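Trainee:
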Amino acid sequence: MNILTSALVTITAGVLFAGCQSDEPQATESKQSMEVSTKLFTLATPQVGDLIIGEVQSPVLDAINSSRDSISFVNVNPSEQALLLPSSTSSSQSDEFWMTVSGAELNKGVKLAISQPSSIIRVAPRADNRSGSIIKSQSISPEQIQLQKVGAKTDKSVSYIKSLTDADALATAGLDDNSSALTLSKNATAGIYKLRVVQSLDQGGQYLVNVKEKGSPYQLTLSSINRVASDVSSMPLSLSLSNSQSELQPQASLKHADGKIQTLDLKLVNGQWQAKLPTASKMPESNLGLSEIQVNIQTQVNGQAVFRTVKTAFKQFVPTAKLNSSVESQWQDQVPKLLIFDVAVEHEGRFGINAALTGTDELGNDKLILTTQSANWLTSKSSQITLNLDASVIKASGLKAPFKIKSLELVDQGQMARLSYLQQALIMRL
Numbered sequence: 015m016n017i018l019t020s021a022l023v024t025i026t027a028g029v030l031f032a033g034c035q036s037d038e039p040q041a042t043e044s045k046q047s048m049e050v051s052t053k054l055f056t057l058a059t060p061q062v063g064d065l066i067i068g069e070v071q072s073p074v075l076d077a078i079n080s081s082r083d084s085i086s087f088v089n090v091n092p093s094e095q096a097l098l099l100p101s102s103t104s105s106s107q108s109d110e111f112w113m114t115v116s117g118a119e120l121n122k123g124v125k126l127a128i129s130q131p132s133s134i135i136r137v138a139p140r141a142d143n144r145s146g147s148i149i150k151s152q153s154i155s156p157e158q159i160q161l162q163k164v165g166a167k168t169d170k171s172v173s174y175i176k177s178l179t180d181a182d183a184l185a186t187a188g189l190d191d192n193s194s195a196l197t198l199s200k201n202a203t204a205g206i207y208k209l210r211v212v213q214s215l216d217q218g219g220q221y222l223v224n225v226k227e228k229g230s231p232y233q234l235t236l237s238s239i240n241r242v243a244s245d246v247s248s249m250p251l252s253l254s255l256s257n258s259q260s261e262l263q264p265q266a267s268l269k270h271a272d273g274k275i276q277t278l279d280l281k282l283v284n285g286q287w288q289a290k291l292p293t294a295s296k297m298p299e300s301n302l303g304l305s306e307i308q309v310n311i312q313t314q315v316n317g318q319a320v321f322r323t324v325k326t327a328f329k330q331f332v333p334t335a336k337l338n339s340s341v342e343s344q345w346q347d348q349v350p351k352l353l354i355f356d357v358a359v360e361h362e363g364r365f366g367i368n369a370a371l372t373g374t375d376e377l378g379n380d381k382l383i384l385t386t387q388s389a390n391w392l393t394s395k396s397s398q399i400t401l402n403l404d405a406s407v408i409k410a411s412g413l414k415a416p417f418k419i420k421s422l423e424l425v426d427q428g429q430m431a432r433l434s435y436l437q438q439a440l441i442m443r444l
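Numbers 15 to 444, taken from the numbering used here, label the letters of the sequence shown in order.
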């Protein structure tokens, strides 16, 4: 790691009180302990797993946190968890699928792929606000739902439904969306089924049909990055279906926290799926909440139809700030007492810095001493954040230089987004 020392300035506090000094040893020791040295360091080059920012941009959404107050906190009893690299990806597995259908489609019948008995089918009415006003679809009594296996001869002695659950019972279990559910019997072996609602429904009503196949050997796994900058045009996705070698033909959509859904183009590039993000309405309308990618597949495994839906959440953000490479440190009694970071910002906002400090023991091992965090309102004319280190705690630890700053994180608190992260940020010694 290359550390550039740009300046070393010693300020002797005792000079201010020269007329009050005596020749007693106690006064000399006190003078030495009050000496404050300033030294400049350069942030380390990012390594694999670090998060960095390219061009700084102005925010496009209103800030969640617009407090002007400066806050600083030092934790002298930190957990080793503070040194762990935060995950940059998220992964989800699914043994279920869901689809949105109209009342007309339910009255006519919708086809579902069931891969095993004892699956659960749930039908929930959805609100529709496409007309500008919210229209709630009517609820469906489970007794009004029929299920028939496609291609099978009608046999009244064979029932594919084991039990029915109405909206009240589901609400007691925590599902208060006015839905109804069917638990399939052991007779509902793998195949294509037609789900039909007998009662007359509003033809334009919207309904969610969810099929849960607990314990199914066919699990769809989706992995993706969990933070996406506003200047990124595509999002890499990894998709796999367990116990299957079938070539997948997924369909994807982007859903913002405000409920807006947009269809995404998916392309397979060098074995990696890439979801092309829309050029318009790419960002959500609020910094609150997360966006999510939803992927649907319909495939065949050994001649058996398998439907799956999986989704994973991520944070969309604008790269509004980045740390400048030069860091000023102040030392007292041979230990660092604070760090001053210069932050490049395009627009005023609230930003925070978090970090961990380690020292070196007699065997040369890094030992965690403390964690520290500070937050401030920054502008283009006032863009520094001071990170306090508590020299007395460092001294009491008995650990020596080199001291290291690890897990250095820059956060935009207006977006609640992590902008950058350095695992090994600084190595410091006088």
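The beta carbon of each residue, even a glycine, is placed where N, CA and C say it ideally should be.
These figures come from a predicted structure and were not determined experimentally.
Since Gln308 and Thr323 should fall inside the 8 Å C-beta cutoff, what is the C-beta to C-beta distance between them, to a whole number of angstroms?
Mentor: Residue 308 sits at position 294 when you count from the first residue of the sequence shown. Residue 323 sits at position 309 when you count from the first residue of the sequence shown. About 7 Å separates the two Cβ atoms, so the contact holds.
Trainee: Kindly list the residues whose CB is nearer than 7 Å to the CB of Ser173, restricted to its own chain and excluding five residues on each side of it in sequence; keep chain order.
Mentor: Taking the sequence shown and counting its residues from 1, the one referred to as residue 173 is at position 159. Contacts found: Ser199 and Asn201.
Trainee: I want to know whether the segment 400 to 413 touches the segment 73 to 93 - three or more CB-CB distances under 8 Å.
Mentor: Yes, the segment 400 to 413 touches the segment 73 to 93.
Trainee: Assign Arg136 to one of two classes, buried (16 or more other C-beta atoms within 10 Å of its C-beta) or exposed (fewer than that).
Mentor: Position 122 of the sequence shown, counting from 1, holds the residue named residue 136. It counts as buried.
Trainee: Just to confirm, are Leu255 and Trp112 a CB contact at a threshold of 8 Å?
Mentor: As a working mapping, residue 255 is identified with position 241 in the sequence shown. As a working mapping, residue 112 is identified with position 98 in the sequence shown. No, Cβ-Cβ distance for Leu255 and Trp112 is not below 8 Å.
Trainee: For Ser421 versus Leu54, is the C-beta distance shorter than 8 Å?
Mentor: By one-based count along the sequence shown, residue 421 stands at place 407. By one-based count along the sequence shown, residue 54 stands at place 40. No, the pair does not count as a contact, with Cβ atoms beyond the cut-off.
Trainee: Could you tell me the boundaries of the alpha helix (DSSP H) in which Ile408 lies?
Mentor: Counted from its first residue, the sequence shown places residue 408 at position 394. From DSSP, the alpha helix (DSSP H) with Ile408 extends over Ala405 to Ser411.
Trainee: What separation, rounded to the nearest whole angstrom, lies between the Cα atoms of Val211 and Val246?
Mentor: On the sequence shown, residue 211 is found 197 positions in, with the first residue counted as 1. On the sequence shown, residue 246 is found 232 positions in, with the first residue counted as 1. If I take the Cα positions, the gap works out to 44 Å.
Trainee: Return the first residue and the last residue of the beta strand (DSSP E) that Asn121 is part of.
Mentor: The residue labelled residue 121 in the question sits at position 107 within the sequence shown. No beta strand (DSSP E) holds Asn121; the alpha helix (DSSP H) holding it covers Gly117 to Lys122.
Trainee: Which residues does DSSP list as the beta-bridge partners of Ile159?
Mentor: In the sequence shown, counting from the first residue as 1, residue 159 sits at position 145. Val211, per the DSSP bridge assignment.
Trainee: Using DSSP with H/G/I as helix, E/B as strand and the rest coil, what is Thr186?
Mentor: In the sequence shown, the residue the question calls residue 186 occupies position 172. Thr186 falls in the helix class under three-state DSSP.
Trainee: Nearest by alpha-carbon distance to Lys163: which of Pro131, Asn192 and Ile149 is it?
Mentor: Counted from its first residue, the sequence shown places residue 163 at position 149. Considering only alpha carbons, the answer is Pro131.
Trainee: Just to confirm the assignment, what range does the beta strand (DSSP E) spanning Lys228 have?
Mentor: Taking the sequence shown and counting its residues from 1, the one referred to as residue 228 is at position 214. Unbroken run through Lys228: none, as it is neither H nor E.
Trainee: If you draw a straight line from the C-alpha of Gln387 to the C-alpha of Ile367, how long is it?
Mentor: Locating residue 387 in the sequence shown gives position 373, counting from the first residue. Locating residue 367 in the sequence shown gives position 353, counting from the first residue. Looking at the two C-alpha atoms, the distance is approximately 6 Å.
Trainee: The beta strand (DSSP E) spanning Asn89 covers which residue range?
Mentor: The residue given as residue 89 occupies position 75 in the sequence shown. Ile85 to Asn89 is the span of the beta strand (DSSP E), which, as asked, contains Asn89.
Trainee: Under the three-state reduction of DSSP, which class applies to Ala127: helix, strand or coil?
Mentor: The residue given as residue 127 occupies position 113 in the sequence shown. Looking at Ala127 - three-state DSSP - the assignment turns out to be strand.
Trainee: Please name the residue in Leu282, Ser267 and Ser258 whose C-alpha comes closest to that of Ser252.
Mentor: Residue mapping note: residue 252 aligns to position 238 of the sequence shown, counting from 1. The residue with the shortest Cα to Cα distance from Ser252 is Leu282.
Trainee: Tell me whether Ala77 sits in a helix, a strand or coil according to DSSP, three-state version.
Mentor: Taking the sequence shown and counting its residues from 1, the one referred to as residue 77 is at position 63. Correct three-state label for Ala77: coil.
Trainee: Ignoring anything shorter than 3 residues or poking outside the segment 320 to 392, list the beta strand (DSSP E) runs there in chain order.
Mentor: As far as the segment 320 to 392 is concerned, its whole beta strand (DSSP E) runs of at least 3 residues are 335 to 346, 349 to 359, 363 to 374 and 380 to 392.
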